[in-house]
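Read top to bottom, the protein sequences are chains A and B.
This note's numbering puts the first residue of the first sequence at 35, with every later residue one more than the last.
This note's numbering puts the first residue of the second sequence at 698, with every later residue one more than the last.
All C-beta atoms, glycine included, are put in the ideal place defined by N, C-alpha and C.
Before any comments, here is the structure.
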Amino acid sequence: MDGNDVFITGIGLITPVGIGKEEAWQNMLQGKSGIKYISLFDASNLPVKIAGELCSDFEYVARGFFKRKSNYNQTIRFSKIGVMAASLSLKDAGIELRNEDTRKIGICIGTGIGGLLFTEEQVMQFYKNWNNNDLLSIVKVTPNAASSNIAINLNIKGPSLTVTTACASGGHAIGVAYDLIKMNRIDLALAGGIETPISPLAILGFNSLGALSPRNGEPEKASRPFDKNRNGFVISEGGGIIVLESRRHLEARGGRAYCQMRDWAFNSEAYSMVAPIETGDGMGEIMDIALDNAGVQKSEVDYINAHGTSTILNDISETKAIKKVFGSLSSQISISSTKSMIGHTLGASGAIEVAVTALSVYHDKITPTINLENHDHQCDLDYTPNIAVSKNIRAAISNSFGFGGNNCCIVLSK
Amino acid sequence: MENIGERIKTILADEIEVDINNIHDDSKLVDLGVDSLTFLEMVAEFKDEFNVNISINEISEYLKDHPIRTAGELIKYVEEVILKETKT
């Protein structure tokens, strides 16, 4: 036991299946899908017309979490998710900022492409009449807008960082915050990921790589990780911010922890901007290193929250990697993909999934991989198909793998 | 222009969440909590509200010689812009 042991004590979730930890968690336990037809803009001419959007009144609800109306007006959806998720997370942890030395609180936020839709709209406006461009466009689109707006609106004066490693950003942000606590630089951190990537350019770009599911006729069935008929991921928006807290701080205030974060690891495959090493070697290596760092035995791992994107490549490589790392134990481990329900929130996904994994460890419940209906002989492990299960979880890992070969694995335990 | 002055004050009060009765001509914008970003936001709102087409470059040029420090100076400037646009 060490005063710098790190615990997850608060969770703020903003997802296509629910705003707030409780609504999102309950809907995930019921295996609900948040994938629908795109309403943020006219997608009728696009090859992909489906996405995981937040509920339509999200921005209205977010207003109440800002210091002043002008602070709210100076942000786009991207930062609005951040400020609201951070506030919900602190509230969930039972932390009153007026009782804290906010110089010892860190903010670490991951994002892959930030507020791309706003950027596209501004470029379109530029070609129509630049005199009508948003005067605050730069302060709104800068990638650190979310972390900085969290600091400004909550008056948090410790280190504030933005991490960008594609779809592993949220996981990396949590990992970096963990390190800052272990190094004694901060007592607690608001760490997570935020993404608002639903835009014509993102859809066209990912579609040209063959990464998106074109299953426009059945939005709720489109994200189907590990299923034989999967044909790509579904792009989604959202955010997850957790409170990471040192044992010393947690015990001093007498708070509650969902689980301990035992350690993490990250590496680079140095192979491709888009594809994982097919054998799963890079993915496997990072799980091995993370478990070693954490001092957790492979036999203690009862649950893996997979990256599980629903692309052909990821799901096979990740399965191979798990088999390589866990050998004969692989078939006893429960695996599931949060993305089957909420789609792929890119840079936010790692953080949302760490939050879901923490809730799984706390409640001894595993959310399902929905739409897993057809057996793929190359994906032959227990992916918790379609129905949530109860299971004692001693330790769990959450995988995130990002474009550019950015791998990240986070280890949690009771 | 009296009515326009009141409309400007209403936008200002709404933006910075201050009671309109606490905004006087000699109220310093900095004391009301108006920073450069809030100022730009209000410019956008004025453009919408009064249907004027002034560019941010023109505003910057004006501010070099005529710094706007009070609510009264702000109202005067917006009124001038509206008047100029009406004439042209």
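Does any residue of chain B bring its CB to less than 8 Å from the CB of A/Lys103? In terms of beta-carbon proximity, A/Lys103 lines the interface with chain B, with at least one pair separated by less than 8 Å.
Among A/Thr379, A/Glu134, A/Ile431, whose alpha-carbon lies nearest the alpha-carbon of A/Ala392? If we check each option's Cα against that of A/Ala392, A/Ile431 comes out closest.
In the structure shown, what three-state DSSP assignment does A/Val268 receive? Coil at A/Val268, not helix or strand.
Using a 10 Å radius around the Cβ and a threshold of 16 neighbouring Cβ atoms, would you call A/Met321 buried or exposed? Looking at its Cβ environment, which holds 16 or more other Cβ atoms inside 10 Å, A/Met321 is buried.
Could you tell me which residues DSSP pairs with A/Pro419 in its beta bridges? Beta-bridge partners assigned by DSSP to A/Pro419: A/Thr403.
Check whether the Cβ of B/Thr735 lies closer than 8 Å to any Cβ atom in chain A. Taking Cβ atoms only, chain A reaches closer than 8 Å to B/Thr735, which makes this a yes.
Which runs of the alpha helix (DSSP H) at least 4 residues long sit entirely within the segment 182-244 of chain A? Give them in chain order. For the segment 182-244 of chain A, whole alpha helix (DSSP H) runs of length 4 or above, ordered along the chain, are 203-216, 234-242.
Give me the chain B residues within the contact set of A/Thr82, using Cβ-Cβ distance strictly less than 8 Å, ordered along the chain. It should be noted that the sequence gives Val, not Thr, for residue 82 of chain A. Think of a sphere of 8 Å around the beta carbon of A/Val82: no beta carbon from chain B falls inside it, the nearest being about 33 Å out.
Between B/Gly702 and B/Ile772, is the Cβ-Cβ spacing less than 8 Å? B/Ile772 sits close to B/Gly702, with the two beta carbons spaced by under 8 Å.
Kindly indicate the opening and closing residues of the beta strand (DSSP E) around A/Lys70. Note, A/Lys70: beta strand (DSSP E), 69-71.
For A/Ile311, the three-state DSSP class (helix, strand or coil): The answer is coil: DSSP assigns A/Ile311 none of H, G, I, E or B.
Answer with yes or no whether the minimum CB distance from A/Tyr107 to chain B is below 8 Å. According to the sequence shown, residue 107 of chain A is Asn rather than Tyr. A Cβ of chain B is located within less than 8 Å of the beta carbon of A/Asn107.
On the DSSP bridge assignment, give the partners of A/Met295 in chain order. For A/Met295, the pairing in a beta bridge is given by DSSP as A/Val40, A/Leu446.
Which bits of chain B does A/Ile157 rub up against, with CB to CB less than 9 Å? Sequence inspection shows Val at residue 157 of chain A; the Ile mentioned does not correspond to that position. Per Cβ cutoff of 9 Å: no residues; A/Val157 is ~17 Å from chain B at best.
Going by CA-CA distance only, name the one from A/Ser113, A/Gly209, A/Gly342, A/Ala422 that's closest to A/Asn265. Checked all of A/Ser113, A/Gly209, A/Gly342, A/Ala422; the closest Cα to A/Asn265 is A/Gly342.
Taking all protein chains shown into account, decide if B/Glu714 is buried (16 or more other Cβ within 10 angstroms of its Cβ) or exposed. Exposed is the call here.
Using the three-state DSSP reduction, which class does B/Tyr759 fall into: helix, strand or coil? Note: B/Tyr759 maps to helix in three-state DSSP.
Return the residue from the list A/Gln294, A/Ser270, A/Ile323, A/Glu407 that minimises the CA-CA distance to A/Gly461. What is shown of chain A runs 35 to 448, which leaves residue 461 of chain A out entirely.
Beta-bridge partners of A/His409, as assigned by DSSP: The partner list for A/His409 (beta bridge, DSSP) is empty, contrary to what the question assumes.
In terms of residues, what are the limits of the alpha helix (DSSP H) holding A/Phe112? Run containing A/Phe112: 111-127, per the alpha helix (DSSP H) assignment.
Does the distance from the CB of A/Phe152 to the CB of A/Ile84 come in under 8 Å? The criterion of a C-beta distance shorter than 8 Å is not satisfied by A/Phe152 and A/Ile84.
Ends of the beta strand (DSSP E) at A/Asn433? 429-436 is the extent of the beta strand (DSSP E) around A/Asn433.
Given A/Asp414, which residues of its chain have a CB within under 8 Å of its CB, disregarding the five upstream and five downstream residues? Result list for A/Asp414: Thr353, in chain order.
For the segment 134-147 of chain A and the segment 183-196 of chain A, state whether three or more C-beta atom pairs, one from each stretch, are separated by less than 8 Å. Three or more Cβ pairs drawn from the segment 134-147 of chain A and the segment 183-196 of chain A lie within less than 8 Å of each other, which places the two stretches in contact.
Against chain A, does B/Ser757 count as a neighbour if the rule is that its beta carbon must be under 8 Å from one of theirs? Closer than 8 Å: no.
Which residues of chain A have a Cβ atom closer than 9 Å to the Cβ of B/Glu714, listed in chain order? The contacting residues are Arg102, Lys103, Ser104.
Looking only at DSSP bridge pairs, what is A/Glu279 linked to? In the DSSP output, where bridge partners are listed per residue, A/Glu279 has A/Phe41, A/Leu222.
Return yes when the Cβ of A/Leu74 is within less than 8 Å of the Cβ of A/Ile232, no when it is not. In contact: A/Ile232 and A/Leu74 (Cβ atoms closer than 8 Å).
So, at 7 Å on beta carbons, what are the nonlocal neighbours of A/Glu254 in its own chain, with the 5 sequence-adjacent residues on each side left out? Non-local C-beta neighbours of A/Glu254 in its own chain, meaning closer than 7 Å and more than five positions away in sequence, comprise Ser67, Ile69, ordered along the chain.
As assigned by DSSP and simplified to three states, the class of A/Ala453: Residue 453 of chain A is absent from the structure shown; chain A starts at 35 and stops at 448.
Where the alpha helix (DSSP H) containing A/Ser384 begins and where it ends: The displayed chain sequence assigns Gly, not Ser, to residue 384 of chain A. That run of the alpha helix (DSSP H) goes 383-397.
For a test of the three-state rule: what should DSSP assign to A/Asn250, helix, strand or coil? In this structure, A/Asn250 counts as coil in the three-state DSSP scheme.
Identity of the residue in A/Glu312, A/Ser90, A/Glu229, A/Asn348 nearest A/Lys262 by Cα: For the residues A/Glu312, A/Ser90, A/Glu229, A/Asn348, the minimum Cα distance to A/Lys262 belongs to A/Asn348.
In chain B, which residues lie with their C-beta within 7 Å of the C-beta of A/Val173? What A/Val173 touches in chain B, judged by beta-carbon distance under 7 Å, is Leu734, going in chain order.
Can you tell me which of the three DSSP states A/Thr345 falls into? Looking at A/Thr345 - three-state DSSP - the assignment turns out to be coil, as it is neither helix nor strand.
So, is the C-beta of B/Ser752 closer than 8 Å to a C-beta in chain A? Cβ-Cβ to chain A under 8 Å: yes for B/Ser752.
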